[in-house]
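From first to last, the protein sequence lines stand for chains U and Y. Taking the numbering used here, the leading residue of the first sequence gets 1, the next gets one more, and so forth. Taking the numbering used here, the leading residue of the second sequence gets 416, the next gets one more, and so forth. One structure is given here, and the rest of the page talks about it.
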Amino acid sequence: MSHATRGPASAASGDRRQGEFAPATDTQVNPPRTTREMLLTGNEAVAWGARLARPQVCPVYPITPQTPVLEALTAFQAEGAFDAEIITPESEHSVMSACIPASLAGTRVFTATASQGLLLMHELLHYASGARAPIVMANVNRTVASPWAFWPDQTDSLAQRDTGWVQLYVETAQEALDSVPQAFRVAEQALLPVMINLDAFYVSHAMEPVDVPAQEEVDAYLPPFAPTQRLDTAVGSSWGNVVSQDMFYRHRQALQEAMERVPALLAQADGEWQRRFGRGYGVVERYRCDDARAVVVTLGSMAGTARVAVDAMRDAGEAVGLVRLRLFRPLPVLALRAALQGVADAVVLDRNHSPGAGGILHQELKAALYGVPGAPRVHGLLAGVGGVNVPPQRIAAFVRTSLERGPANESQWVR
Amino acid sequence: MERFESRQPQMLCSGHAACPGCIDALSARHILATMGPDTMAIIPPSCMAIIAGPQPMSSLKIPVYQPTLESSAAAASGLRRALDALGKRDTQVLVLAGDGGTYDIGFQCLSSAAERNEDFLYVCLDNEGYMNTGAQKSSSTPHYARTGSTPAGKTTRKKNLVEIMAAHGVPYVATASASHLPDLVRKVEKAKSIRGTRFLSVLIPCLDGWGLADDAGLTAARYAVECGAFPLYEVEDGHRWTLNVTAKPRPVADYLALQGRYRGLAPDRVEALQSEIDAAWALLERRASEGAAPGA
């Protein structure tokens, strides 16, 4: 693969995939011959990613639109292709309750959920990161009730941003598959749980051709999980006892330090994946940002639509680019600042809603840019909340309107 | 008693944080010694968690995982499956939980684990209320008992969790008491020899929460068995019932008189409690003689 085949010149080397520690884009690429191309939904791709990562324990509970992940895993097991202890408790709360000590005992643990299920786990999400349990969980982003709805909306996971979980947001089924082994690598190096978020239906149920790596290739990428500290009668250590104020304080500092290592660990995990499989995503992706006056900043599948809008605006002579955060927690502040350097206007598209505050990514970006000389003006748009459709033409209109109107501190409702 | 005082291995260390005179530690000591060193404990917030902690110390000579209050059986399931995945099938998983974490907030996941017949021994150290928070009622608190949240006496009866667990059809469910130590140890040994979900309810009179004299814990436990308020029995596979102590020579009034939580209880209420106990005992005797299923 040469640079000449990569598409628009402005998207070539030096523009795409520039995370703060992102691999150079001219890395030697040798896709393995053993790769298979399959037509998969995002959910199926997640299940394939999990199968290839060889978790040993999988507690899981069904919820729309995550259920196909569960059914794919149990089907893999029934056909003898997935050698994990699958536990089917009565709730997501018990799923995460089972995940934590299973992980602390030294097994690789995977699960998946969505929306209300994630919220039911909330207490245990804190417990998992506090226990430094490197669980990997896929979450299908779905509206949070009430009222009931089933549409793509990222409020469920963004509302968990303070729980100590690393959060990734993926754009495609392929990225969903590739992110599972990557997430285990990061989780087990940092001893932090990782949540992989994929949008309901746009990613979870849409089919696309997906390269499925061979098991031995993923085995070579992801070594078995073998922690020295674990719950083991031969080791004799315990977890969860009451601690002093000072011990708690130091424990939180250690958690922060682990989080701060994550952007570099993810960049390494992604770079290594790219060298082996020919696909990388970086930590923060820049798309056609060279000389951009304005950039759209967003998460997940909205980036796919924004990409089309950016292409159309570039064709019309407008200097607009896209910045997609693949990593949201920890917020890759340095990479974001670098990605937005020299940009006059950042237009944030939030498919989520924090009542009384507005768009969550909008708040986060303003905080990340605070005090940066020459930082872009930040426009926050509540676009696609509740799964409302946001076509490319509307994104182009949002950008134009934002530039005319100037920035506001509050997020704006748009559709 | 000497036979048990010298029981090895000593799995619960001296210097633990139990209240002086509390038979929670006595009961746990024998349960742990019987389970042995190839055991891992799940201990949710409860009196036992206080006895086990605080970091960096531990009074138990085995690994302890402290889950959230409501998740013991789910945590035990996860730990059990992880040990299975690692090939450590002989390592026992032992839950030591209180009645709040078992009868109330942890009941949902306990029922689910029992339905899946997850392989662990769940011991409920039942002191009939939220004693760690200063004695409020749980669904294990018996009829008419005064607690911080039932100052005029609890208006409803104690939940019969033992029968509910038996109704799941799990291989072994039993009640036990430190007042009948050989029976307690035998039941732990029996439970240890069985795979699948095993549930043991152990009565722990709370000196402070029940208003007992400092030296009356064991006496109260014995009276509870002798009056039939806490009968000792086993249910195997959900349908084979065995009454281990077949006589109840003591009136419930003797048991109530030991406890501040029943002080001043009206005579008609004492009689009502006696009638409840007599009826429950008759049902238990019938099941034991017929081998009837719960609810039959």
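For each residue, glycine too, the CB sits at the ideal point set by N, CA and C.
Residues of the same chain with a CB within less than 8 Å of the CB of L671 of chain Y, apart from the 5 flanking positions on each side, are Y677, L680, V685 and L688 in chain order.
For the segment 53 to 67 of chain U, the set of positions with a beta-carbon nearer than 8 Å to some beta-carbon of chain Y reads Q56, V57 and P59 in chain order. Note on W413 of chain U: under 16 other CB atoms within 10 angstroms of its CB, so exposed under the neighbour-count rule. Of Y:D669, Y:K607 and Y:G624, the smallest CA-CA separation from T556 of chain Y is found for Y:G624. For the segment 66 to 91 of chain U, the beta-carbon criterion of a distance under 8 Å to any beta-carbon of chain Y is satisfied by A84, E85, I87, T88, P89, E90 and S91. The C-alpha of V343 of chain U lies about 37 Å from the C-alpha of H126 of chain U. Assigned with DSSP and collapsed to three states, M472 of chain Y falls in coil, not helix or strand. Identification of residues in the segment 109 to 129 of chain U having a C-beta nearer than 9 Å to some C-beta of chain Y yields V109, E123, L124 and Y127, given in sequence order.
Residue-level contact check: A489 of chain Y touches chain U, since one or more beta carbons of chain U fall below 8 Å from its beta carbon. Considering only U:S115, U:G80, U:P59 and U:E171, the residue with the shortest C-alpha distance to R531 of chain Y is U:P59.
Using a CB distance cut-off of 8 Å, T107 of chain U counts as an interface residue toward chain Y. Annotation: the continuous beta strand (DSSP E) that includes Q167 of chain U extends over V166 to Y169. DSSP, read as helix, strand or coil, puts H595 of chain Y in helix.
Collapsing the DSSP output to three states places R377 of chain U in a strand. Per the coordinates, the alpha-carbon of L369 of chain U lies some 26 Å from the alpha-carbon of V186 of chain U. R561 of chain Y has its alpha-carbon roughly 4 Å from the corresponding atom of G568 of chain Y.
Chain U places a beta carbon closer than 8 Å to that of D453 of chain Y, counting this residue as a contact. Annotated three-state conformation of R36 of chain U is strand, per DSSP. Exclusion of the five residues before and after S486 of chain Y leaves P459, G521 and C524 as the residues of its chain whose Cβ lies within less than 8 Å of its Cβ. Counting only Cβ-Cβ distances below 7 Å, R496 of chain Y has contacts in chain U at V57, E85, I87 and A102, in chain order. Among the residues of chain U, those whose CB is under 7 Å from the CB of D499 of chain Y are E85, following chain order. The beta-bridge partner set that DSSP reports for V296 of chain U consists of U:L322 and U:V347.
Burial state of W148 of chain U is exposed, judged by a 10 Å Cβ sphere holding fewer than 16 other Cβ atoms. A distance below 8 Å separates the beta carbons of V166 of chain U and V194 of chain U.
According to DSSP, C58 of chain U shares a beta bridge with U:I86. Taking C-beta atoms as the reference points, L349 of chain U and M302 of chain U count as a pair closer than 8 Å. When C-beta atoms of the segment 534 to 542 of chain Y are compared with those of the segment 603 to 614 of chain Y, three or more pairs fall below 8 Å, so the two segments count as touching. Between M463 of chain Y and D439 of chain Y, the CB-CB gap stays under 8 Å. Counted as a single uninterrupted DSSP element, the stretch harbouring L327 of chain U is not any alpha helix (DSSP H) but the beta strand (DSSP E) occupying residues L327 to R329. Linking H595 of chain Y to R51 of chain U through their CA atoms gives a straight-line distance of about 51 Å. The distance from the Cβ of L658 of chain Y to that of E705 of chain Y is about 12 Å, inconsistent with a contact at the 8 Å cut-off. Between the alpha carbons of Y545 of chain Y and G516 of chain Y lies a gap of roughly 9 Å. According to the DSSP secondary-structure assignment, N141 of chain U is paired through a beta bridge with U:D199. Rounded to whole angstroms, the separation of the alpha carbons of N139 of chain U and G42 of chain U is 11 Å. At a C-beta separation below 7 Å, A98 of chain U has these neighbours in chain Y: A489, A490, S492 and G493.
When Cβ pairs closer than 8 Å are counted between the two stretches, the segment 298 to 315 of chain U is seen to touch the segment 388 to 395 of chain U, the count reaching three or more.
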